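Below you'll find the structure, written out as structure tokens, and then a few comments.
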Amino acid sequence: MSTPIDILIVGGGAREHALAWAVQRSPLCGRLFVAPGNDATPGERVDIAADHIEALTAFAVDHHIGLVVIGPEIALAAGLADELALVGIAVFGPTRAAAELEWSKSFTRRVAAELHLPSPAWASFDTSADIDAALAWWRNLGDKIVVKQAGLAGGKGVVVPVDDASCEAAIRSFFTTGPVVLEQRLRGPECSLLAFCDGTTARPLPFAQDHKRLGEGDTGPNTGGMGAYAPAPVPYDTEALTAQFIQPVVDHMRSLGTPYVGMLYAGLMLTADGPRLLEFNCRFGDPEAQVLLPLIASDIVELFLACCSGTLATTPIRLRDATAIGVVIAAHNYPSNGPALGAPGVDIALTDDQLLFRGSPGGREYTAVGVAPSLGKARDAAYALVNAMAPAGARYRRDIGWRAHGATLSSYAAAGVDIDEGTRAVDQLKQSVEKTHSSSVLGGIGAFGGTFDLTEIMGMRTPVLVASTDGVGTKVELAARAGRYDVPGQDIVNHCINDVLVQGARPLFFLDYFASSTIRAEQVAAVVNGMSIACGASGCVLLGGETAEMPGVYMPGAFDVAGTLVGVVERDRLLPLTTIAPGDVLLGMGSSGPHTNGYSLLRKLFDWLPLDAQPDPLDRPIGDALLEPHRSYLRSLEGPLADHGLIKGLAHITGGGLIDNVPRILPATCDASIQLGSWPMPPLFQLVSDVATGLPIDELYRTLNMGIGMVVVVDAGRVGELQTAIAEPTWVIGTIVAGTKRVQLT
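First residue of the sequence shown? That's 1 in UniProt numbering, and the numbers climb one at a time after it.
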């Protein structure tokens with residue numbers, strides 16, 4: 001077709017603005033009408049509400065409309081597509097019967113079950129008389145659930161309860177609005193898979209990721225969507241998931257005599273067991289439309305008409321090599337009702353990489369979109385627009401796209417740190433260092449600290465000095481950003497204490513090194529105060545140090561912290577013992593957080609998440625969780641260490657995680673078999689596991705301590721004795737087995 005046709009778009013939000021923007025660019029578009037549209041929508045506005053079916057149909061007939069594109073679900077549920085079909089007008093949007101996939105969640109779940117689409121456990125209940133049955137189903141499930149209104153709710157008819165009390169309250173509350181669907185709560189990132197459908201064929205668009213929750217870090221109540229980006233880095237193929245979740249539904253609807261024509265949108269959760277279906281929507285999503293439409297290089301009207309004529313299989317879908325991200329700017333009281341924001345307070349001059357779509361007054365009023373070759377640049381463009389035009393009192397999230405980094409990182413090296421390269425460097429410098437050794441040096445390079453025999457100058461029988469030098473690493477950048485300067489001070493002392501402790505030594509004194517671009521007395525005092533706190537808690541003297549001011553070397557405001565600690569131990573009490581053997585047990589002691597390692601990865605993962613955000617399952621803001629000081633294990637272990645032979649070995653879990661640190665104390669003929677899941681996973685590491693979907697398990701446990709900061713080797717017959725002697729919770733996390741000095745994660 002080459003003759004332009006007149007087109008009607010139904011709806012008045014930002015999604016319909018984006019549709020009108022895309023349609024108007026087509027040479028196939030003649031006159032463009034939008035009903036009811038808004039004050040920024042291209043084309044001619046028609047004062048007819050989206051659910052006034054008879055008036056819309058009459059308008060389409062009277063104005064010889066050649067194509068109707070339906071935006072909102074309310075028009076689909078009211079049967080607008082059916083009425084238009086009866087008068088011979090092409091319509092992009094499914095019939096009421098086909099759209100039941102959206103307006104009835106119970107119907108969706110029955111279809112998914114019939115077609116064996118991977119889904120959560122679920123149950124539906126029709127009336128308030130079913131409250132007791134619903135409560136019984138939830139309690140018998142023995143798992144967390146999601147409570148949903150069975151009908152249309154504008155994306156807001158979902159509650160994710162935080163505890164049993166809120167779950168019961170949500171169930172009782174939802175029964176006052178109509179039928180209720182309960183679903184098992186799944187864990188994992190969500191993605192949106194949208195596909196054009198012509199009744200026979202389904203053709204997908206790139207994955208998008210919506211941000212449904214109101215608050216940063218995906219917290220707070222569900223909304224219609226606070227932002228989205230596309231393509232989302234999902235470790236699946238769009239064609240494969242379309243074949244799994246969408247094409248079977250298209251085939252099924254055709255077999256029922258209700259062919260599905262329009263956009264079918266599968267909301268998926270990417271669990272550890274694979275993708276699971278959360279919901280179907282029967283139209284372009286909002287805000288997904290605002291980021292997907294700018295990526296379509298094909299003529300959008302041609303695609304709509306191909307769906308209407310059943311020729312989608314032979315119609316090419318071309319995409320731009322770009323990324324788009326959209327940030328929703330909502331009214332102050334959203335998602336509750338309240339006054340509208342109104343127009344921006346300044347004139348907005350959009351750049352080539354920016355789009356602005358007008359939404360609904362009093363609700364989601366604008367979507368600011370950035371389109372660029374990379375997600376980072378698109379995000380910069382979108383937020384530059386937000387910062388330029390968001391009216392006073394506007395509500396928006398500052399973290400749209402924050403999960404993207406976790407899905408794209410495939411190794412610690414991708415975050416800027418190469419563990420293998422560090423290991424190679426140690427191997428290459430070992431020979432040079434060993435040239436300086438004398439007979440007093442007892443340890444080799446690569447141990448947790450250097451050991452030096454001082455028998456002649458100490459009153460002990462055979463005293464050995466154990467020294468450790470280390471730095472805090474990139475955690476200092478987070479500390480500087482948050483103004484938490486005491487944390488790196490505690491970190492460096494406790495790190496070094498643990499490094500000498502694993503050789504059986506107690507600390508004697510600590511020397512610090514502090515460097516920054518410009519010396520600020522308050523900053524230095526706070527760092528040193530943190531060191532003083534850690535030293536005082538461990539009976540260690542803070543002997544002195546060096547403060548260096550190096551402008552031009554460090555960025556303004558940046559600093560670095562390092563230090564050296566010296567401890568002492570009797571030579572016959574040095575750890576590890578040579579008696580470590582297969583059958584010995586590994587006890588794990590909990591970490592206080594990431595300690596001082598893995599922060600290049602963590603900063604990359606959470607780069608776009610504000611430090612005051614508190615994503616599930618955290619029990620405090622992300623900044624506080626990341627900046628928890630590195631703990632010392634001295635006071636918990638000094639008693640058991642006094643019982644010679646009770647502890648055979650200690651491994652401080654630092655850079656390299658369990659995989660690289662435990663082998664440092666193993667005999668050449670032994671492996672450590674560690675059972676994953678044998679200790680409770682702290683919330684921060686649960687979050688990392690949820691977000692870092694592109695990182696293999698081994699890489700994750702090689703980068704972070706994952707909740708275990710110290711591993712203790714003990715004879716199998718003395719496990720109970722040692723656990724009693726350690727005045728804190730410990731967990732049996734594995735055993736020593738025959739092998740070649742490696743860690744086996746099972």
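Glycine included, each C-beta is placed from N, C-alpha and C at the ideal position. Since we're looking at a predicted model, the values are computed, not measured.
Residue i versus residue j - alpha carbon distance
i	j	result
residue 338	residue 362	6 Å
residue 148	residue 745	39 Å
residue 33	residue 6	8 Å
residue 665	residue 182	50 Å
residue 426	residue 498	Here residue 426 scores only 40 on pLDDT, less than 50, and its place in the model should not be relied on; the value that follows carries that caveat. Approximately 21 Å between the Cα atoms of the pair.
residue 436	residue 562	Caution applies to residue 436, whose pLDDT of 32 falls short of 50 and renders its modelled position unreliable; the value that the coordinates give is listed next. Looking at the two C-alpha atoms, the distance is approximately 23 Å.
residue 24	residue 403	33 Å
residue 667	residue 503	15 Å
residue 730	residue 595	18 Å
residue 159	residue 179	14 Å
residue 382	residue 209	16 Å
residue 433	residue 405	Its pLDDT being 32, under 50, residue 433 is placed unreliably in this model, and the value from its coordinates should be taken loosely. Roughly 39 Å between the two C-alpha positions.
residue 157	residue 732	44 Å
residue 288	residue 593	36 Å
residue 651	residue 631	14 Å
residue 571	residue 463	6 Å
residue 440	residue 466	Unreliable placement is indicated for residue 440, whose pLDDT of 46 sits below 50; the coordinate value is still reported in the next sentence. Spanning the two alpha carbons is a distance of roughly 12 Å.
residue 102	residue 560	55 Å
residue 162	residue 219	11 Å
residue 124	residue 108	11 Å
residue 384	residue 190	26 Å
residue 747	residue 608	Residue 747 lies beyond the range of the chain shown here (1 to 746); nothing can be said about it.
residue 431	residue 654	Annotation note: pLDDT 44 at residue 431 (below 50); position unreliable, no value reported.
Residues near residue i in its chain [Cβ-Cβ closer than 7 Å; skip 5 each side]
i	result
residue 703	412, 598, 601 and 657
residue 610	216, 398 and 399
residue 639	725
residue 214	220, 221, 223, 226 and 335
Own chain partners of residue i with C-beta closer than 6 Å, once the 5 adjacent residues on each side are dropped
i	result
residue 532	542
residue 556	517
residue 226	211, 328 and 397
residue 37	12 and 45
Extent of the continuous beta strand (DSSP E) run through residue i
i	result
residue 279	274-281
residue 470	463-471
residue 549	541-549
residue 652	649-652
residue 565	559-570
residue 229	227-230
residue 573	Note, residue 573: premise wrong, no beta strand (DSSP E); not H, not E.
residue 192	190-198
residue 269	261-271
residue 579	Segment: none, residue 579 is in no beta strand (DSSP E) and carries neither H nor E.
The ligand ZN heavy atom lying under 8 Å from the CB of residue i
i	result
residue 152	This structure does not include the ligand ZN; it has no bound ligands of any sort.
Start and end residues, alpha helix (DSSP H) containing residue i
i	result
residue 221	Not the alpha helix (DSSP H): residue 221 falls in the beta strand (DSSP E), residues 219-222.
residue 253	247-255
residue 304	300-309
residue 640	634-642
residue 174	164-174
residue 330	From DSSP, residue 330 is part of no alpha helix (DSSP H) but of the beta strand (DSSP E) over 323-330.
CB contact flag (residue i, residue j, <9 Å)
i	j	result
residue 264	residue 67	no
residue 495	residue 470	yes
residue 748	residue 587	As displayed, the chain neither begins before 1 nor continues past 746, which places residue 748 out of reach and without an answer.
residue 268	residue 323	no
residue 401	residue 325	yes
residue 146	residue 185	yes
residue 697	residue 722	no
residue 629	residue 523	no
residue 468	residue 565	yes
residue 228	residue 192	yes
residue 200	residue 254	yes
residue 290	residue 241	no
residue 19	residue 293	yes
Worksheet item: Which whole runs of the alpha helix (DSSP H) in the segment 341-413 are 4 residues long or more, in chain order?
Response: 375-389 and 404-408
Fill in: In chain order, each beta strand (DSSP E) run of at least 3 residues that lies wholly inside the segment 10-59
29-36
Fill in: Runs of alpha helix (DSSP H) wholly within the segment 68-117 (minimum 4 residues, chain order)
73-77, 80-86, 100-103 and 105-114
Practice prompt. Mind listing, in chain order, the continuous beta strand (DSSP E) runs of no fewer than 3 residues lying wholly within the segment 670-738?
Written response: 670-674, 708-714 and 730-738
Worksheet item: Can you list the beta strand (DSSP E) stretches of 3 or more residues lying completely in the segment 125-149, in chain order?
Response: 145-149
Worksheet item: Mind pulling the beta strand (DSSP E) runs of 3 or more residues that sit fully within the segment 493-538?
Response: 506-516
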